[in-house]
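Numbering (our numbering), first residue to last: 51 to 451.
Given below as C-alpha cells:
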C-alpha cells in the first residue's frame with residue numbers, strides 16, 4: 051500500500067503517528083478561512099510533488115492536488131509491493147474520489163477548455179484535466195502503462211470502501227489479476243468547506259488538537275481531511291506466486307444499498323446500519339470493530355445505536371477504535387485511511403487508540419480503545435456511513451502462512 055496522509059507520508063510515518071496519538075488536524079492554510087466558522091482541517095503538510103513523488107513538473111501543470119496525491123501513493127504502493135513489472139492487460143485501476151477539480155489551484159471558475167495558443171500543435175490536450183473526476187485514475191494508469199479497466203467511483207464517504215470492495219469482486223471473478231485501488235481526495239477548499247459549514251457539518255471547535263472526539267461526551271461535528279491511499283489488491287494465489295508481503299485479506303464486503311434513506315441524521319437509520327453490520331461479520335464476531343467514528347454527534351449516536359442493536363450485550367466486550375480524530379473525515383479519503391489502518395493493525399497485531407475519547411457519551415456502552423493495545427487480531431469489522439443515509443461494511447482478516 052501507499053499512503054499520503056496528514057500525519058505522514060508512507061506506511062512507516064502513518065503508522066508511527068497513529069500509534070503515538072499524533073493528530074494531523076490544524077489551522078487551514080490552503081486558503082483564507084478567517085471568515086468561516088470552521089477553520090481547521092487535516093492537511094497534508096509541506097507537499098512537494100517533486101521531492102515526494104518525483105513527478106514531472108510539466109505533467110503537474112495539468113494535475114490537481116488530488117491527482118498528484120493519487121499518482122504519488124500509487125508509486126509508493128508499487129514499491130511496497132515489490133512490483134517492477136505488470137501484466138498491463140490484466141491490471142486495473144479503481145479509485146474513489148469526489149472533488150478532484152476543486153482545490154485552490156483550480157477554482158470553479160477556471161475554464162474547462164484551454165486556449166490553443168498554449169499548446170501550438172504538439173498534440174497536447176485542449177481540455178483542463180483538473181476538471182475531471184477521472185483524471186487521478188487515468189494518470190495512474192498512464193504512469194504504469196495499465197490497459198485494463200480504469201475508473202473512479204463517487205460514493206461520498208464510502209467511496210473508498212466501494213472502490214476496494216468492487217476491486218475484490220473483480221479479482222475473485224477472474225476479471226483481473228491485480229488492481230490498484232483506494233482513494234484520493236482534496237476537499238479542503240473554500241467551496242467545499244463553505245458548503246459544509248452552511249450545512250452545519252463541521253466542528254466549530256477552534257482547538258485543533260481536541261476538536262474531533264469520537265463517541266465522547268463533548269463530540270460536536272467532524273473535520274475534513276485530505277490525502278491518498280492506494281492498495282495493491284491481488285488474489286492469494288497471485289501474491290504467493292511472487293512471494294509478496296500480505297497485510298490482510300478482504301473476507302467480506304457489503305455494498306451500500308441502492309436506495310438513499312435520509313439527509314437527516316436524526317431520522318433513525320440505525321436498524322439498516324445494524325443489518326449491514328450483521329451482514330459484514332457473517333455471524334462470527336470480529337476481534338476489533340473499526341468504527342466510522344467521525345466525531346459528529348448525530349452520526350456517532352446513530353452508529354452507537356446500530357452497534358448495540360447488532361451485538362446486544364456483547365458490544366461491551368469488543369474493542370472499538372477510530373482514527374478519524376487524527377486524519378479527519380468526509381468524502382472519499384476517510385474510508386481509505388480507515389482500511390489502511392485496519393490492515394496495519396492486523397499486520398502489527400495491535401489496536402490503535404481512539405484519540406480524544408475521554409468520557410463516553412451518555413447511553414454508550416462501547417469498549418472504546420483509549421491506548422495502544424497489543425492483542426491477537428484475526429479479524430476487523432469496519433463500516434462507513436455517508437450523509438445520504440447509506441452505509442457499507444468490510445471485514446478484513448489475517449492470512450496464515
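Quick reminder that beta carbons are idealized off the backbone N, C-alpha and C, glycines included.
All values reported here derive from a predicted model rather than from experimental measurement.
- Listed in chain order, the non-local C-beta contacts of residue 87 below 8 Å within the same chain comprise 247, 252 and 254, local neighbours out to five positions each way being set aside.
- Between residue 430 and residue 392, the C-beta spacing is below 9 Å.
- Note that the stretch 224-237 touches the stretch 181-200; at least 3 beta-carbon pairs, one per stretch, sit closer than 8 Å.
- Excluding five sequence positions before and after residue 100, the CB atoms of its chain that fall closer than 7 Å to its own CB belong to 107, given in chain order.
- Note on residue 267: under 16 other CB atoms within 10 angstroms of its CB, so exposed under the neighbour-count rule.
- Here residue 251 carries a coil assignment [DSSP, helix/strand/coil].
- Per the DSSP secondary-structure output, residue 275 pairs in a beta bridge with 92.
- For residue 228, the enclosing beta strand (DSSP E) starts and ends at 228-235.
- In the three-state reduction of the DSSP assignment, residue 211 falls in the helix class.
- According to the DSSP assignment, residue 434 belongs to the beta strand (DSSP E) that extends over 429-435.
- In this structure, DSSP gives residue 139 a helical state, which the three-state scheme calls helix.
- Between the alpha carbons of residue 277 and residue 401 lies a distance of about 23 Å.
- Taken through DSSP and simplified to helix, strand or coil, residue 296 comes out as coil.
- Separation of residue 264 and residue 426 (C-alpha to C-alpha, rounded to the nearest whole angstrom) is 24 Å.
- Less than 9 Å separates the beta-carbon of residue 385 from that of residue 210.
- By the criterion of a C-beta distance shorter than 7 Å, residue 218 is surrounded in its chain by 283, 300 and 303, once the five residues flanking it on both sides are discounted.
- Cα atoms of residue 294 and residue 184: separation of roughly 29 Å, rounded to the nearest angstrom.
- Relative to the Cα of residue 91, the nearest Cα in the group 288, 239 and 387 belongs to 239.
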